[in-house]
Amino acid sequence: MLQKIALACVQGGAEVLRLSQVEHIKAIKEVVKVPIIGLIKKHYENSEVFITPTLAEVKQLVALQVDVIALDATFRNRPCESLEEIVEYLRANHLHQLIMADCSEISDIENAERLGFDFIGTTLRGYTSQTVGLGNLDNNYQFVKELKPVINKSHLIIEGGIWYPEQVKDLLDFDHVWAVVVGSAITRPQVITEHFMKILPKNEGE
3 MLQKIALACV QGGAEVLRLS QVEHIKAIKE VVKVPIIGLI KKHYENSEVF
53 ITPTLAEVKQ LVALQVDVIA LDATFRNRPC ESLEEIVEYL RANHLHQLIM
103 ADCSEISDIE NAERLGFDFI GTTLRGYTSQ TVGLGNLDNN YQFVKELKPV
153 INKSHLIIEG GIWYPEQVKD LLDFDHVWAV VVGSAITRPQ VITEHFMKIL
203 PKNEGE
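Structure below.
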């Protein structure tokens, strides 16, 4: 099923796929040839970080030869190695491996810039204790606008809460936004259906 969804996305024009878990990445790489942003979701008891949280997951993604490795770049407590140690390992041992920082707020993004991430995503905005209830599109893209002076060498990718093509166009009109990731609005039929049903009036007595 995931292979079919991935293939349909590419046939529809998607130029890059963001994928999680080793088995899914392996399967989808068999049917598509576009670049892949890879990550591994794994939960550890002593940490809230679960997107490629340790060097062990990073090494698995390197072995899969994904084009970009995505990892949590928030300041939350990590289960093992520090973010700096993981970046240093990759730069020392896999110089040409591209890496993406999944961030939630400006301080995360500033730190990711300092560490030299190739790509910075707003993936975790709304998913940390400091950003609960906040979104990338709030107040006419105010958060995105605030990132303009922060982005220097890294490429900014907006991810999270994007449901309509018009929003994608608006975001790409910002000259500091490099790309946009659309997830649930394309790949999750149940969520898509629920999204439409929420705006429809409910019939009384049903």
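The numbering of the sequence shown is our numbering, which starts it at 3 and goes up by one.
Even for Gly, the Cβ is constructed at its ideal location relative to N, Cα and C.
Please confirm whether residue i and residue j have their CB atoms less than 8 Å apart.
| i | j | result |
| --- | --- | --- |
| Ser-106 | Asn-79 | no |
| Val-70 | Phe-119 | no |
| Asp-172 | Tyr-129 | no |
| Ile-160 | Val-179 | yes |
| Leu-9 | Ala-29 | no |
| Thr-189 | Ile-7 | yes |
| Thr-124 | Asn-141 | no |
| Val-24 | Gln-62 | yes |
| Arg-20 | Val-183 | yes |
| Asp-104 | Phe-77 | no |
Kindly indicate the opening and closing residues of the beta strand (DSSP E) around residue i.
| i | result |
| --- | --- |
| Arg-20 | 19-22 |
| Asp-74 | 70-74 |
| Glu-148 | Not the beta strand (DSSP E): Glu-148 falls in the alpha helix (DSSP H), residues 140-148. |
| Ile-159 | 157-161 |
| Asp-104 | 100-104 |
| Val-170 | It is not in any beta strand (DSSP E) - Val-170 instead sits in the alpha helix (DSSP H) that spans 167-174. |
| Gly-123 | 121-123 |
| Val-36 | Premise fails: Val-36 is in no beta strand (DSSP E) and is neither H nor E. |
What residues in its chain sit with their C-beta under 8 Å from that of residue i, if we drop five residues either side in the sequence?
| i | result |
| --- | --- |
| Phe-52 | Lys-43, Lys-44, His-45, Tyr-46, Asp-74 |
| Leu-100 | Asp-69, Val-70, Ile-71, Asp-120, Phe-121 |
| Val-60 | Thr-54, Ile-71, Leu-73, Ile-88, Tyr-91, Leu-92 |
Using a Cβ-Cβ cut-off of 7 Å (strictly less than) and excluding sequence neighbours within five positions of residue i, which residues of its own chain qualify?
| i | result |
| --- | --- |
| Tyr-91 | Leu-57 |
| Glu-112 | Val-152 |
| Ile-27 | Leu-21, Ile-38, Gly-40, Leu-66, Val-68 |
Quick one: give me the first and last residue of the alpha helix (DSSP H) that residue i is part of.
| i | result |
| --- | --- |
| Val-64 | 57-66 |
| Val-193 | 191-200 |
| Leu-92 | 85-95 |
| Ala-8 | 4-13 |
| Ile-111 | 108-117 |
If you compare alpha carbons, which of the options is closest to residue i?
| i | options | result |
| --- | --- | --- |
| Arg-116 | Val-170, Val-152, Val-182, Glu-25 | Val-152 |
| Ser-84 | Gly-137, Arg-127, Ala-114, Leu-100 | Ala-114 |
| Gly-163 | Asp-177, Lys-150, Lys-147, Arg-127 | Arg-127 |
| Phe-176 | Val-183, Lys-150, Thr-195 | Lys-150 |
| Met-102 | Gly-14, Glu-25, Lys-155 | Lys-155 |
| Gln-67 | Leu-136, Pro-81, His-96, Val-170 | His-96 |
| Ala-16 | Leu-139, Gly-137, Pro-167 | Pro-167 |
| Trp-165 | Ser-109, Asp-110, Phe-145, Pro-191 | Pro-191 |
Grab me the residues of residue i's own chain with a C-beta within less than 6 Å of its C-beta, minus the 5 sequence neighbours each way, in chain order.
| i | result |
| --- | --- |
| Leu-41 | Ser-22, Ile-53, Thr-54, Ala-72 |
| Ala-181 | Ile-159 |
| Val-12 | Val-34, Val-36 |
| Ser-186 | Val-193 |
### Query
If you pair each beta-carbon of the stretch 196-206 with each one of the stretch 34-42, do three or more pairs fall below 8 Å?
no
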